Structure formats: C-alpha cells, structure tokens
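Quick note on numbering: the sequence shown equals residues -24 to -1, 1 to 272 in mature numbering (1 follows the signal peptide of the UniProt record, and there is no 0). Cβ coordinates follow ideal geometry from the N, Cα and C atoms, glycine included. Quick caveat, the model's predicted, so the values are computed rather than measured. Taking it in order: structure first as structure tokens, then the write-up.
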Amino acid sequence: MRFRAIFLAFVAMANMAGAGVALAQQQTPPQPQQAPPKPPAKPAAPPAKPAAAPAKSTSKFPPPAFKITVATEAGYPPFNYLDRKGMPAGFEMELAQEACQRIKAECEFAAFKWDDLIPGLIEKKFDVIMSSMEVTSERRKRMGLSRRYYLSPGAFIAAKGAPFDGPPSLLRNKRIGIQKDSTHADWADKSFRRSAQLKRYNTIAEALDALAKNDVDAVFGDKAQLWLWSQKPEGKCCEIVGQDIKDNQTLGLGVSAGLRKEDQKLRDALNKAFSEMVSDGTYKKINDKYFPFPLN
C-alpha cells in the first residue's frame, strides 16, 4: 500500500509538469516570421562627366573660310590640261591652288568648253576662270578681271645657228612667217611692213611647218607656243632668237583670272595672293617647273 501511494504521487507530479508546459506554450505569443534579408544596395552611379571638347586640328593650314570653283578649258598644255586622273592640272592650276591656300579658300577645279567659260561664270556655275584668257576691252565689259598673272611675250624662232640672235632689225629683208588676223600679225605689220617679206598662214602650226621646211627664215609669235614647239621632234631644227617683244597696245596686257563684277572682295584677295607669290619667290618656283624663262 505504501508503494502504491508513492507511485501515484509520482504520476500526479508528472501530470502537473506536463500541464505547466502546455500552459506555458499557450501563454507564449507566436513569434512573427522574419523577412528575408534585403540584398545589399548597389553603389550610387558617379555623376556624368561633361562631354570632352573636340580635338584641335593639327593641320598647319587654318580651316577654309569659304569654297570656290575654278574653271578652265583644260586644253592648252602645259598651262591647263587634264592629268591621268582626268583632273585639271598645269601651270595655271598650280598658281590657282597656291592662291586658294593664301586666301583660305577650299577650291574645286572643273573643265568646261572654251565657249562656255564666260557664260558659265555669269550664270554662277563656277566662281573663277583661269584658262589663259587674254585681257581685252570686250571682256572687261562682261566681267571683272584680276591683275595679270602671266604674260608670254612675242618672240622669233629661227633655225639653230641662224644669225638673228639679236635685235629684230636683223630680220629686215628676210621672210617672216606669221599667223594672219592675230595680234602678232598686227605687230609685224607695224614693225616690218616695209622692211621684210611677211608670209601669212592660217595657223601658227602652218607657219612653223614652213620654217621647218625652210620656206621662211623665221616665225614671229607667242614665245611660250614657239618654245613648246621647239621641244618636239619636228621643232628640233629651231630655237628662240633675239629679244622678247612686249607691246601692250598691240600684243596685249597678258592673262588674267575672270570673275563676276560683283565679287570685288574675291578679286582683291586673288590680286593680293598673286602679288605675294611674286614677291616671296613662290611664283618663280612654279614658273621654273614649266618654262626656262619668266612669264611675269
């Protein structure tokens, strides 16, 4: 009996402990469910940098101030012609390119038929003509003209070794070939009408052919043309003789660039460029590439 009483006491104590645990569980409030940890915040983007300034040009030439188009016939070598790429080239085009750099202009070059040059200028198809265009009073009426940029004087050509390498008076009583209806024929008429036998030909080429055949003693004409012929196989017989002939009233004032009359500023700029080229020796360097004698 005593053992039974002890056993029952243990059972009662155990039941009381279990009830206490259950009561404690009932009284403990449920713990709130924790939110998952937030990912670490991304670092803030750095402030945008200002746009970099454009790189400065390293060219030794300043940027062009304006654009112009230079037109030529491209049919009178070595003054103007088309190169292997079909682009205008020659003595006049080199002068034009140098002038363009000096007036800070971007220049394009174009070839036109001779008869289309002055009308094309007036119609504003281009801005400047550089095509061995002689200064005349008629052209002065139609457009503006720059200062002269070359002058090919009159000259005589005769057989090598001929005794005419002196003043024109040595050709008195001789046969002189000239191209009829030309300024050179006008000068010969004025100077030799009564002292020499003037033989007139339709073209200067015909007169030179007569010289090669010894049908005339000399030919009078444009020095550059005569010299160019003497460099060809058919002209090896002959050479320039005597002194240069310059006569503004008869042989003209030389060659100028053609511009529209209203483009006075452009004309002034070209005149200044041509003058500077002569003064600083640039003109001579270009001249010497093409001719063994000066054209200014």
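- Contact between the segment 146 to 154 and the segment 169 to 182 is present: three or more C-beta pairs spanning the two stretches fall below 8 Å.
- It is roughly 30 Å from the alpha-carbon of Ala181 to the alpha-carbon of Ser122.
- Looking at Cys213, Leu242, Asp256 and Ala233, the one whose alpha-carbon comes closest to that of Ala138 is Cys213.
- Rounded to whole angstroms, Lys260 and Phe269 show a C-alpha spacing of 10 Å.
- Only residues of its own chain outside the window of five on either side were considered, and among them Thr159, Asp162, Trp163 and Lys166 have a CB closer than 7 Å to the CB of Thr226, listed in chain order.
- Beyond the five residues adjoining it in sequence on each side, Asp198 comes within less than 6 Å, by CB distance, of Ser128 in the same chain, given in chain order.
- For Leu229, the three-state secondary structure derived from DSSP is coil.
- The C-alpha of Ala183 lies about 39 Å from the C-alpha of Cys83.
- Taking C-alpha positions only, Lys208 is separated from Leu202 by approximately 10 Å.
- Counting other Cβ atoms within 10 Å of its Cβ, Thr112 stays below 16 and is therefore classed as exposed.
- The Cβ-Cβ distance between Phe88 and Ala47 falls below 8 Å.
- At the C-beta level, Ala81 and Ile105 stay beyond 8 Å of one another.
- In the displayed model, Glu99 falls within coil according to three-state DSSP, outside both helix and strand.
- For Arg151, there is no enclosing alpha helix (DSSP H); the residue is part of the beta strand (DSSP E) that begins and ends at Arg151 to Gln155.
- The DSSP-derived three-state label of Val111 is coil.
- By a beta-carbon distance limit of 8 Å, Phe140 contacts Ala194. Their separation comes to about 6 Å.
- If only complete runs of 3 or more residues are kept, the segment 185 to 227 shows the beta strand (DSSP E) at 194 to 198 and 214 to 221, in order along the chain.
- The alpha-carbon separation between Ala249 and Arg236 amounts to approximately 18 Å.
- In this model, Gly218 and Gly142 are separated by some 4 Å (Cα to Cα).
- Rounded to the nearest whole angstrom, the C-alpha separation of Leu71 and Thr179 is 29 Å.
- The criterion of a C-beta distance shorter than 8 Å is not satisfied by Leu271 and Ala75.
- Residue pairing from DSSP places Pro64 in a beta bridge opposite Leu58.
- Between Met69 and Leu97, the gap from beta carbon to beta carbon reaches 8 Å or more.
- Spanning the alpha carbons of Lys156 and Leu147 requires a straight line of approximately 19 Å.
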